[in-house]
Amino acid sequence: MKSATSPSRAQTRTGASTTGDRKTDTALKLWVVLARSFNAVSARLAEDVARHDITSTEFAILEVLHHKGPLLLGEVQKKILVTSGGITYLVDRLVEKGLVKREECPEDRRARY
């Protein structure tokens with residue numbers, strides 16, 4: 307049963323829909339395609355990172371370090387949006403796996419990369 311506010315397919319085919327309705331329909335279709343594409347890429351990423359025994363968040367850290375070079379933990383934390391305790395835990399795991407190493411900051415002995 308059709309609702310009183312939505313045009314029937316016949317009305318749409320005969321040109322009764324407005325330009326705004328067509329733009330909305332196109333935008334909705336594009337959004338669905340984008341969402342499906344995102345889900346497909348996300349699933350593939352999850353498979354790949356799991357194959358290497360890392361989580362997607364650990365992968366995000368590795369990606370940031372690859373593109374930005376050595377960073378302080380706080381800088382990495384801001385880039386991947388985790389808590390300060392979370393970034394410490396995650397980097398510790400990556401150190402244990404031999405994927406990253408911590409280094410002293412030459413300008414500030416309290417800080418570590």
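Our numbering numbers the first residue of the sequence shown as 307 and each following residue consecutively.
Don't be surprised by glycine CBs; every beta carbon is placed ideally from N, CA and C.
| message | Report the CB separation of L371 from V406 in whole angstroms; it is logged as a contact under 8 Å. | response | Here the question's residue 371 lines up with position 65 in the sequence shown. Here the question's residue 406 lines up with position 100 in the sequence shown. That pair is a contact at about 7 Å.
| task | Evaluate E410 with the Cβ neighbour count: other Cβ atoms within 10 Å of its Cβ, from every protein chain shown; 16 or more gives buried, anything less gives exposed. | result | By one-based count along the sequence shown, residue 410 stands at place 104. With fewer than 16 other Cβ atoms within 10 Å, it is exposed.
| message | Please give the ranges of any alpha helix (DSSP H) in the segment 319 to 395, keeping only runs that are unbroken, at least 4 residues long and fully inside the region. | response | If we require 4 residues or more, the alpha helix (DSSP H) runs fully inside the segment 319 to 395 come out as 325 to 357, 362 to 374 and 379 to 386.
| request: Go ahead and label E364 buried or exposed: buried means 16 or more other beta carbons lie within 10 angstroms of its beta carbon, across all protein chains shown. | output: As a first step, residue 364 is located in the sequence shown; it is residue number 58 there, counting from the start. Burial call: buried.
| message | I need the straight-line Cα distance from T330 to E353, nearest angstrom please. | response | Counting from one through the sequence shown, the residue named residue 330 turns up at place 24. Counting from one through the sequence shown, the residue named residue 353 turns up at place 47. Each residue's Cα considered, the two are about 35 Å apart.
| said: Three Cβ pairs or more, each shorter than 8 Å: is that satisfied between the segment 375 to 384 and the segment 392 to 399? | reply: Segments in contact, yes.
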